[in-house]
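Protein chains in written order, with UniProt numbering: chain A, 1 to 314; chain B, 1 to 314.
Glycine included, each C-beta is placed from N, C-alpha and C at the ideal position.
Data block below; observations after.
There are 2 protein chains.
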Amino acid sequence: MEVFTKERLLQVHERISPYIHETPILTSRLINEIADCSIYFKCENFQKMGAFKMRGATNAILQLSQEDQKKGVVTHSSGNFAQALSLAAKSLGITAYIVMPSSAPQVKKDAVKTYGGIIIECPPTLKNREETAQKIVEEKGATFVHPSNDIEVILGQGTAALELLQKQPHLDLVITPIGGGGLIGGTALAVNLFAKSAKTIGAEPFEVDDAYRSLISGTIETNQSTNTIADGLKTQLGDQNFPIIQKHVEEIIRVTEEEIKNALKLIWERMKIIVEPSSAVALAAVLKEPAKFKNKQIGVIISGGNVDFNQIQL
Amino acid sequence: MEVFTKERLLQVHERISPYIHETPILTSRLINEIADCSIYFKCENFQKMGAFKMRGATNAILQLSQEDQKKGVVTHSSGNFAQALSLAAKSLGITAYIVMPSSAPQVKKDAVKTYGGIIIECPPTLKNREETAQKIVEEKGATFVHPSNDIEVILGQGTAALELLQKQPHLDLVITPIGGGGLIGGTALAVNLFAKSAKTIGAEPFEVDDAYRSLISGTIETNQSTNTIADGLKTQLGDQNFPIIQKHVEEIIRVTEEEIKNALKLIWERMKIIVEPSSAVALAAVLKEPAKFKNKQIGVIISGGNVDFNQIQL
Chain A
1 MEVFTKERLL
11 QVHERISPYI
21 HETPILTSRL
31 INEIADCSIY
41 FKCENFQKMG
51 AFKMRGATNA
61 ILQLSQEDQK
71 KGVVTHSSGN
81 FAQALSLAAK
91 SLGITAYIVM
101 PSSAPQVKKD
111 AVKTYGGIII
121 ECPPTLKNRE
131 ETAQKIVEEK
141 GATFVHPSND
151 IEVILGQGTA
161 ALELLQKQPH
171 LDLVITPIGG
181 GGLIGGTALA
191 VNLFAKSAKT
201 IGAEPFEVDD
211 AYRSLISGTI
221 ETNQSTNTIA
231 DGLKTQLGDQ
241 NFPIIQKHVE
251 EIIRVTEEEI
261 KNALKLIWER
271 MKIIVEPSSA
281 VALAAVLKEP
291 AKFKNKQIGV
301 IISGGNVDFN
311 QIQL
Chain B
1 MEVFTKERLL
11 QVHERISPYI
21 HETPILTSRL
31 INEIADCSIY
41 FKCENFQKMG
51 AFKMRGATNA
61 ILQLSQEDQK
71 KGVVTHSSGN
81 FAQALSLAAK
91 SLGITAYIVM
101 PSSAPQVKKD
111 AVKTYGGIII
121 ECPPTLKNRE
131 ETAQKIVEEK
141 GATFVHPSND
151 IEVILGQGTA
161 ALELLQKQPH
171 LDLVITPIGG
181 GGLIGGTALA
191 VNLFAKSAKT
201 IGAEPFEVDD
211 AYRSLISGTI
221 ETNQSTNTIA
231 DGLKTQLGDQ
241 NFPIIQKHVE
251 EIIRVTEEEI
261 KNALKLIWER
271 MKIIVEPSSA
281 VALAAVLKEP
291 AKFKNKQIGV
301 IISGGNVDFN
311 QIQL
């Protein structure tokens, strides 16, 4: 396992800072009253392209050699990471190849195009996605960047918690949703290195509780179905982030779809900010176990704010 | 007509400041690109109880004598002003009587109760509402406060534009939606008194274009139907605010329901903030007439963020 030091994470933060926003930390008196604790929301919904993934994508590109950067980067994703890698690459004047299943919604394809990414369509299976990405690596010399299972991506995602802890060093707990493991992995590293005494907790929908089961079994588990509103959390952990999670994540709290929707409405209605359903999973976990969080200082990483309102009837 | 001076508006602002938020002014690079101008959004969706109406309600109460304050205040409203007067009264330790039609949605009644207002139900006609309010004035000695046609309310609403102009004195235009005329009236006064050269523009849905027609006819017009998503804008002007609007509002731009929805989605998706449909009417007006606003410095008052997400299927 790699060695992670304060210096390394600080270097990552310094490297990406010119290309990302230092996002605000918001609080809500009313939500604190309801939850009976003090919650500090680190608002990555206000990050460039609307999600924390901009941090990891930027770091993954910046740590490449100039020569490798020129050949471009490639990933397979149809979500926020595809947009993040496209925008990060555009900002740095290089090419991002995005492998997407031909079945991906047009709105996702359009978003990637808006940010300058080059879409390569493939049949909608994981095997096809991996093979298509591999072909681009071979043909173009582009570097493959995994959306969550890449150490430089993980470290980049950890800078959100780093910024939060620099402003709020006395947090007792930091909570993030768990999808592919990049955000929770980076957060757990940052908390372990920089918090005075905080622990990291993960939050996951019951419907895709692969990470919860992985911690119990000790091997990376998958989901048989992915029937959740938290569409950013359907992916599985990887061999790079799982050991970090095993070592540094205190526990994983699972929540129902109803609990996620209630937390989502609470944030929208009371804080007047748009967050995506995946982000509400962390607040849902706090509301689910009041005894655990009572009177504590809690950091919650709001992962993003990319909601497709064309899907919602006004 | 009353005399309005800089000193008077500054006094109002000083009086209410301990009880309201100085709301943030946000900008969006992307919306500026789309609109080809620089827009400064004064975000009253982050105001206490989620709308600018908190300002006027607070001022209306604070300018009463101690003795009158003790007897309470009464209004008829089923919208944001009912909540605003309830919360303002609660903050000041006095009673707010809210006359509401018995047909008002439970969610609106609950919101008023949350803020400590006492609801008095009446049959759903304007005549009944006025009579019921009058009865409370007589029985309780409470002071009637109109949601929009009251000079102290109008001056209170004007403090949002005052704060905006204190931070951005070089605006060319300030735009607000028009409902009952309180916000646009107060804004027009503030702009007239404090802006170096700015003019005030109103924005109104075609479906409830009573203010537009009133400016043409010179008398207060009403709406035959109120079929708009901008539910805060269904009311008519009054004899207190209409002369101010006639004197100080440069023009009124009307927009379609489709244009309102598009502007609403643009703010939600790009700025990641919740604003209510009425607030999007002002941005819709800017997007509708690009030639008029090109390269200008525009202030937009975001009136509020109270959206009932129970109505929206997630």
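Its chain contains Pro177, Gly179, Ala230, Asp231, Gly232, Leu233, Ser303, Gly304 as the residues whose beta carbon lies nearer than 8 Å to that of A/Ser278, once the 5 sequence neighbours on both sides are disregarded; these appear in chain order.
Of A/Lys196, A/Ala188, A/Val255, the smallest CA-CA separation from A/Pro205 is found for A/Val255.
Annotation: Cβ neighbours of A/Gly305 in chain B (cutoff 8 Å, chain order): Lys272. For the pair B/Val249 and B/Ala190, the CB atoms are not nearer than the 8 Å cut-off. Neighbours of B/Lys265 across chain A, judged by C-beta separation under 7 Å: Phe309. Under a criterion of Cβ atoms nearer than 7 Å, no residue of chain A is adjacent to B/Asn227; the nearest Cβ is some 14 Å distant. B/Leu165: member of the alpha helix (DSSP H) spanning 151-167, first to last residue. B/Glu259 is outside the set of residues whose beta carbon lies under 8 Å from a beta carbon in chain A. B/Ala88 and B/Gly72 have their C-alpha atoms spaced approximately 11 Å apart. A/Leu26 is classed as buried because its beta carbon has at least 16 other beta carbons within 10 Å across all chains shown. Under DSSP, B/Phe41 takes part in a beta bridge, and its partners are B/Leu26, B/Val300. Taking the C-beta atoms as reference points, A/Asn241 is found nearer than 8 Å to A/Ile154. For the pair of segments examined, the segment 135-143 of chain A was found to touch the segment 56-75 of chain A: the number of CB pairs separated by less than 8 Å reaches three. For A/Ser86, the number of other beta carbons within 10 angstroms of its own is at least 16, and it is reported as buried. In this structure, A/Lys294 lies near A/Asp36, with their beta-carbon atoms less than 8 Å apart. For B/Asn45, the chain A residues whose C-beta falls within less than 9 Å of its own C-beta are Lys272, listed in chain order. When the beta-carbon positions are compared, A/Gly158 and A/Leu10 stay at least 8 Å from each other.
Closest in alpha carbon position to A/Asp150, among A/Gly117, A/Ala57, A/Val107, is A/Ala57. Setting aside the 5 residues that flank it on each side, B/His21 is surrounded in the same chain by Phe46, Gln47, Lys48, each with a C-beta closer than 7 Å to its C-beta; the list follows chain order. Looking at the backbone, the Cα of A/Ile267 and that of A/Ser38 are separated by about 15 Å. Taking A/Lys261 as reference, the option from B/Thr228, B/Phe309, B/Ala285 with the minimal CA-CA separation is B/Phe309. Per the DSSP secondary-structure output, A/Lys199 pairs in a beta bridge with A/Leu173. In the DSSP assignment, the residues bridged to B/Thr75 are B/Ile98.
In the structure shown, A/Thr143 falls within a strand segment according to DSSP collapsed to helix, strand and coil.
Taking a cut-off of 8 Å on C-beta distances, the segment 123-143 of chain B does not touch the segment 279-294 of chain B, as fewer than three cross pairs fall below it. A straight line joining the alpha-carbon of B/Pro105 with that of B/Gly50 spans about 18 Å. For A/Glu204, there are no neighbours in chain B by C-beta distance under 8 Å, as the nearest C-beta there is about 19 Å away. DSSP places B/Ile118 in the strand class (E or B) of the three-state scheme. Where B/Arg270 is concerned, there is no enclosing beta strand (DSSP E), because DSSP gives it neither an H nor an E. By DSSP's assignment, B/Arg254 forms a beta bridge with B/Glu204. Listed along the chain, the chain B residues whose CB falls inside 8 Å of the CB of A/Gly50 are Lys272. Listed by position along chain B, the residues whose Cβ is nearer than 9 Å to that of A/Glu163 form an empty set, because the closest Cβ is around 18 Å away. Here A/Gln83 is buried, its C-beta having at least 16 other C-beta atoms within 10 Å. Contact between the segment 161-176 of chain A and the segment 191-205 of chain A is present: three or more C-beta pairs spanning the two stretches fall below 8 Å.
Not a single CB atom of chain A sits nearer than 8 Å to the CB of B/Glu207.
Using beta-carbon distances, A/Glu22 does not count as an interface residue toward chain B, since no partner is under 8 Å.
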